[in-house]
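Here's the structure we're looking at; comments come further down.
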Amino acid sequence: MKNLGNHVEILIEGKRANLERFLSDLPGKKPPLARITEIKISEVSFSGSPEFIIIQSESGTFENSIIPPDTAICEECRLEIFDPSSRYYHYPFTVCTNCGPRYTTVRALPYDRENTTMADFPLCGECEVEYTDPLNRRHHAQPVCCPKCGPELWLSDSRGKVLAKSYEAIAKASDLLQQGSILSVKGFGGFHIACNARKEESVQELRRRLERPEQPFAVMANDTVVVESFAEPGDAGRKCLTSIRRPITVLPKSKDFRLAESVSPYLHNIGVMLPYTGTQNLLFNLVPDSVYVMTSANLPGRPMVVENEEALEKLKGIVDFHLLHNRVIANRNDDTVIRVVNGQKAFIRRSRGFVPEPIELPFEVGAVAGVGAEMNSTVTLAKGKLAYISQYIGNTSHVETFMYLSEVLQHLVRLTGIEPLNWGCDLHPAFNSTRFAMSRGGTKTLQVQHHYAHILALMADNSLPEDSRILGIALDGVGYGMDGTVWGGEFLGASYFGYERLGNLLPQPMPGGDLAVKTPSRMVLGMLSGRLGEAELEKLPLYFPRGRQEFSTVMQQLQRKINVTMSSSAGRVLDAASALLGICRVRTYEGEPAMKLESAAKKSIHRLDLPLIFRTGKESGVPVLDTTELLLGVYELSGGKYSSADLAFAVEENLAKGISKIAISIATKKGFEKVGLSGGVAYNDHITSCIAGTVKEAGFEFLTHRHVPCGDGCISFGQALAAGLRTDSEGIK
324 MKNLGNHVEI LIEGKRANLE RFLSDLPGKK PPLARITEIK ISEVSFSGSP EFIIIQSESG
384 TFENSIIPPD TAICEECRLE IFDPSSRYYH YPFTVCTNCG PRYTTVRALP YDRENTTMAD
444 FPLCGECEVE YTDPLNRRHH AQPVCCPKCG PELWLSDSRG KVLAKSYEAI AKASDLLQQG
504 SILSVKGFGG FHIACNARKE ESVQELRRRL ERPEQPFAVM ANDTVVVESF AEPGDAGRKC
564 LTSIRRPITV LPKSKDFRLA ESVSPYLHNI GVMLPYTGTQ NLLFNLVPDS VYVMTSANLP
624 GRPMVVENEE ALEKLKGIVD FHLLHNRVIA NRNDDTVIRV VNGQKAFIRR SRGFVPEPIE
684 LPFEVGAVAG VGAEMNSTVT LAKGKLAYIS QYIGNTSHVE TFMYLSEVLQ HLVRLTGIEP
744 LNWGCDLHPA FNSTRFAMSR GGTKTLQVQH HYAHILALMA DNSLPEDSRI LGIALDGVGY
804 GMDGTVWGGE FLGASYFGYE RLGNLLPQPM PGGDLAVKTP SRMVLGMLSG RLGEAELEKL
864 PLYFPRGRQE FSTVMQQLQR KINVTMSSSA GRVLDAASAL LGICRVRTYE GEPAMKLESA
924 AKKSIHRLDL PLIFRTGKES GVPVLDTTEL LLGVYELSGG KYSSADLAFA VEENLAKGIS
984 KIAISIATKK GFEKVGLSGG VAYNDHITSC IAGTVKEAGF EFLTHRHVPC GDGCISFGQA
1044 LAAGLRTDSE GIK
């Protein structure tokens, strides 16, 4: 057997019946991490080899190579680290062929030990025996090691002074967490910052140090029994939690929420994961009912810390102690985040445990790259029928993150062997990613409208063939429109080769541009200033950081149309409703107003109708949902017998109904059989479920994402598809 990078070549000999049985058994008996996409068979001359041999991989080009993702420690290895008779007892880096770090260790191809970060740890005699034994489950497991020859673990104080080593370091770290200390913990693909999630004072102190007043923290618990003490996983959530990929799974909080309230304040849900490294399993075994905050060690939108010295420097003043090891992280890789929406798994962030597994395409494309938008960025390389979407990168408006994007892309090119002939990027001229793609010499670049990229990703994610057409609904916060305004509530008649804007939400004024995102009270004034007088607007329960002076400034901006951006964004409508209802008047993290609106809506009792007024675009002639009337309806019902929860539910329900009606009308008129939904608003379970139910009831097939995020994590994928279908070896067709 030989690893050829993008496939494995196996030479088998024997009786024909035995060979046929081997082929029949292969799919069901393959190793857990193996993936079979195709089997090609050819007959060769009999060589008479008497034994099983793995031949050294050959160097060369490894185009479309498939590197396995990192997975959780398997049950067999986990039992060994708790078995006093095992040589792996209490050793946190215990792995085998079926588990452990993979992608985060790979420096180059072929995927052999010398090309990984484990090359720094030569095998001892005992590990060599297991590594070369075909009957051992550690046979040719590249990360295999033991306490004699593998990485070491230690605990240090904030200045780097070593306090304890090996298992003693884990035991000491457990004691410190129980006492309320804040620690950094080095894992597979980066650092977590950890504290005791049951101690309110510890969580509050972490918030103070990180300057994250209310952004929800993910937590880690030992098992699903502990999880059920503070959350309601359900069957779908439990399946995600316990999979070998171990994502963060966003779950509803239980009524008896036995964690610090400040872990996930004012939200109805919480992100939860189970231990996936040996270190984490050993840590939780010491106090099995413990629950720890495990948040990525990074500033918002910037890359996560991956190096020991970097942790000591950048986390100074944030953590009290560091739990470190000396295995280099070759590839930074954040935790994957998943939520169950409308009964189906939805990726919020596709990263550890899934990357770099390729997405299979329903058609072939040229050698292309997509570089994403700005927020929640990823990059994509594609060629033939495979697309490789990178791990989560972050906000590329930050120089550090933009440099990371370039590093990820270069590494992905080395691993896949795909040299892009064409590039796809966003339409926004000021994005760093757009400038990066446009500056590539010797290649062609295609700018792809943001929401069209969403719908292209949705189509390929559902394996729609090349000649398909769909009515795509794209609902999010922001995307640069073809007319130079901000889009985000779009109905696009789309194929893989083009689109038409067939409807939208009413464009609304955003006084101050991005300031209206940070202070959604500005959106309220923008949406209602044409219907209410200044005296009425001033009485609204809004908040402005600079008080009355800022209110006056915003009103002048609206009256004079100075520094006012127009936006059809569904996200901004939800933000405005959240501010008007007093649920969230200042945004401190991405998506906060809409997320808190959704959580408030969960407490509603009454079901209310709000005005649904449909208009026709003056210049476009397409149907438009008047969201001013929707917000005005909220204003008229507020302050009476209905709670903010009732009105929050009404906003979501009626917005979804209005969107559904326009979609059904367009699909009927234009002959679309399929209606799909993409964009960040699609993470709202209430809105998505309502649209899905209404559309399906009207006789249309409804599609959402399956393998890639609904949000901007899918944009690079859509861009690559757009560029790939317009390329051949000569470039743009």
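Heads up: take any position in the sequence shown, counting from 1, add 323, and you land on my numbering.
Even glycine gets a Cβ: it sits at the ideal position worked out from N, Cα and C.
Quick caveat: nothing in here was measured; it's all calculated off a predicted structure.
Pro466 is positioned such that its CB atom lies closer than 8 Å to that of Val418.
Residue pairing by DSSP places Asn519 opposite Tyr615 in a beta bridge. Burial state of Pro539 is buried, judged by a 10 Å Cβ sphere holding 16 or more other Cβ atoms. Here Leu476 is actually not in contact with Thr394; their C-beta atoms are around 20 Å apart, not less than 8 Å. Under the criterion of beta carbons closer than 8 Å, Val616 and Val586 qualify as touching, at roughly 6 Å.
In this structure, the CA atom of Arg662 is about 5 Å from the CA atom of Ala669. Remark: C-beta atoms of Asp749 and Gln770 approach each other more closely than 8 Å. For Gly1034, the closest of Arg672, Ala492 and Asn654 by C-alpha to C-alpha distance is Arg672. Between the alpha carbons of Val736 and Phe1023 lies a distance of about 40 Å. The Cβ atoms of Ala692 and Pro743 sit closer than 8 Å to each other. Distance from the CA of Ser967 to the CA of Ile493, rounded to the nearest whole angstrom, comes to 47 Å. With fewer than 16 other beta carbons inside 10 angstroms of its own, His929 counts as exposed. In the structure shown, the three-state DSSP call for Ala653 is coil. DSSP places Lys668 in no alpha helix (DSSP H) but in the uninterrupted beta strand (DSSP E) bounded by Gln667 to Arg672. Runs of the beta strand (DSSP E) lying entirely within the region 842-922, each at least 3 residues long, are 887-890 in chain order. Contact between Ser713 and Thr701 holds: CB atoms are separated by about 5 Å, below the 8 Å threshold.
Look at Gly512 here: in three-state DSSP terms it is coil, with no helix or strand label. Counting along the chain, the unbroken alpha helix (DSSP H) around Phe1040 starts and ends at Ile1038 to Gly1047.
For Met596, no alpha helix (DSSP H) segment is defined; the enclosing uninterrupted segment is the beta strand (DSSP E) at Asn592 to Met596. Pairing Leu848 with Pro834 gives a Cβ-Cβ distance under 8 Å. Note on geometry: alpha-carbon atoms of Gly557 and Pro575 lie some 9 Å from one another. Boundaries of the beta strand (DSSP E) harbouring Ile661: Val660 to Val664, taken from the DSSP string. Shown here, Leu794 sits in a strand according to DSSP, grouped into three states. About 6 Å separates the CB atoms of Arg521 and Val614; that is less than 8 Å, so the two are in contact. Scanning the region 972-1029 from its first residue to its last, the whole beta strand (DSSP E) runs of 3-plus residues come out as 997-1001 and 1024-1026. Just so you know, the alpha carbons of Asn827 and His515 end up roughly 41 Å apart. In the displayed model, Ile404 falls within a helix according to three-state DSSP. Counting C-beta atoms within 10 angstroms of its own C-beta, Asn341 has fewer than 16 neighbours from the protein chains shown and is therefore classed as exposed. In the structure shown, the three-state DSSP call for Lys578 is coil. Within the same chain, Cβ atoms closer than 6 Å to the Cβ of Ser577 are found at Phe553, Ala554 and Glu555, the five residues on either side in sequence being excluded.
Residue range Gln831 to Pro834 is occupied by the beta strand (DSSP E) that includes Met833.
A straight-line Cα-Cα distance of about 13 Å links Glu913 and Ala839. Taking a 10 Å sphere around the C-beta of Thr572, we find 16 or more other C-beta atoms and assign the residue as buried.
Taking a 10 Å sphere around the C-beta of Leu903, we find 16 or more other C-beta atoms and assign the residue as buried. Between Ile906 and Ala923, the alpha-carbon positions lie close to 8 Å from each other.
By the neighbour-count criterion, in which a residue is buried when 16 or more other Cβ atoms sit within 10 angstroms of its Cβ, Met627 is buried.
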